[in-house]
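S.K.: To convert, take the position in the sequence shown, counting from 1, and add 1; that gives my numbering.
All C-beta atoms, glycine included, are put in the ideal place defined by N, C-alpha and C.
Everything numeric in this text was worked out from a predicted model, so none of it was measured.
Take this structure, written in structure tokens, and hold onto it; I'll ask about it next.
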Amino acid sequence: MSPEQKEKLSKGETTRILIEDSAIELFMEQGYHATSMRQIAERAELALGGIYNHFSSKEEIFQAIIIDKHPYKKVLPAILEAQGEEVDEFLSNAARIAIKELKSQPYFIKLMLIEIVEFNGKHGAALIKEIAPKALPIFEKIIKSRKNFRVTNPAILFRSFIGMIVSFMVTEIMISNSMLQKLMPKNAMDMYVDIYLHGILKPEV
């Protein structure tokens, strides 16, 4: 957030952001369950009662982080501006944009894993409710632009696109500092996206 944007925030909004940022740091350092509201208050340099003026519980802070800090707010506008005359070129560029943005905010993937493991994904509905109305028209337009497109349901295409990006990011974490990581080519991300778009088999001649 730029200094100009911060100046426009009210004192309450600034405090809320401070609480969320402090909670993220602690969740990344020691996990969700090991983090207490008192620790978040101390990290934010607030009185414990000051946090409860903004959030009623640690889970409410976590849900706010999932919504407020989600990188889709940067990714979605960038995807809308992705270049490509053909569908596969557009999706390939859009995937690279999304993966690059997620790599710049690695904490989000870890928060997403906490959401899945600790909460069984229950906060995902609120996030999808905010994202879907903006994202689905993009994928509907993609399907309509090509008559022989194998996928005819925009929701399925959207889900598969998200799945491809998340699976790349999760496996990137899993193989980091391993022998497998050393075997990865420099263009591994491009190859991963290409497999998503065209499959693993060469077309029959």
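Does DSSP classify A127 as helix, strand or coil?
M.R.: A127: helix per DSSP, three-state reduction.
S.K.: Rank L92, D69 and E14 by C-alpha distance to the C-alpha of N54 and give the top, closest one.
M.R.: Ranking L92, D69 and E14 by Cα distance to N54 puts E14 first.
S.K.: Return yes when the Cβ of A156 is within less than 8 Å of the Cβ of L137, no when it is not.
M.R.: Yes, Cβ-Cβ distance for L137 and A156 is below 8 Å.
S.K.: Select from K148, S11 and F162 the residue whose C-alpha is nearest the C-alpha of A133.
M.R.: Taking only the C-alpha atoms, the option nearest A133 is F162.
S.K.: Decide if the region 60-73 is in contact with the region 96-111; the criterion is three or more beta carbon pairs, one per stretch, under 8 Å apart.
M.R.: In short, these stretches touch, since the Cβ pair count reaches three.
S.K.: Spatial neighbours of Y193 within its chain, please: CB distance less than 7 Å, with the 5 preceding and 5 following residues excluded, ordered by chain position.
M.R.: So the qualifying residues of the chain are F169.
S.K.: Between the region 40-50 and the region 16-27, do at least 3 Cβ pairs fall closer than 8 Å?
M.R.: Contact holds: three or more Cβ-Cβ distances are below 8 Å.
S.K.: Keeping to the same chain, check which residues put their C-beta closer than 7 Å to that of S146; ignore five residues upstream and five downstream.
M.R.: Here the set comprises V88.
S.K.: Determine the closest residue to I166 out of M38, L19 and Y197, with distance taken between C-alpha atoms.
M.R.: Checking every option, the nearest Cα to that of I166 belongs to Y197.
S.K.: Taking 8 Å as the limit between beta carbons, can you name the residues of its chain near V152, skipping five residues before and five after?
M.R.: Closer than 8 Å at Cβ, skipping near neighbours: I144, L158 and S161.
S.K.: What are the start and end residues of the alpha helix (DSSP H) that includes N188?
M.R.: Here N188 belongs to no alpha helix (DSSP H), and DSSP marks it neither H nor E.
S.K.: What ranges does the alpha helix (DSSP H) occupy inside the region 92-157, keeping only unbroken runs of at least 4 residues that lie completely in it?
M.R.: Runs of the alpha helix (DSSP H) inside the region 92-157: 108-120 and 125-145.
S.K.: How should M113 be labelled, buried or exposed, when 16 other C-beta atoms within 10 angstroms of its C-beta is the threshold for buried?
M.R.: Classification of M113: buried, given that the 10 Å Cβ count is 16 or more.
S.K.: Do the CB positions of R97 and M180 come within less than 8 Å of each other?
M.R.: Result no, Cβ atoms of R97 and M180 do not sit closer than 8 Å.
S.K.: Can you look up F56 in the DSSP assignment and give me helix, strand or coil?
M.R.: Correct three-state label for F56: coil.
S.K.: Round the Cβ separation of V63 and Y33 to the nearest angstrom and send it over; I've been treating them as touching at under 8 Å.
M.R.: A small fix is needed here, since residue 63 is Phe in this sequence, not Val. Indeed they touch by this definition, with Cβ atoms about 7 Å apart.
S.K.: With respect to the alpha helix (DSSP H) encompassing K12, which residues constitute its N-terminal and C-terminal limits?
M.R.: Segment K12 to Q31, the alpha helix (DSSP H) holding K12.
S.K.: With H, G and I counted as helix, E and B as strand and the rest as coil, what does DSSP make of T172?
M.R.: If DSSP states are grouped into helix, strand and coil, T172 belongs with the helices.
S.K.: Put E90 into one of helix, strand or coil per three-state DSSP.
M.R.: E90: helix per DSSP, three-state reduction.
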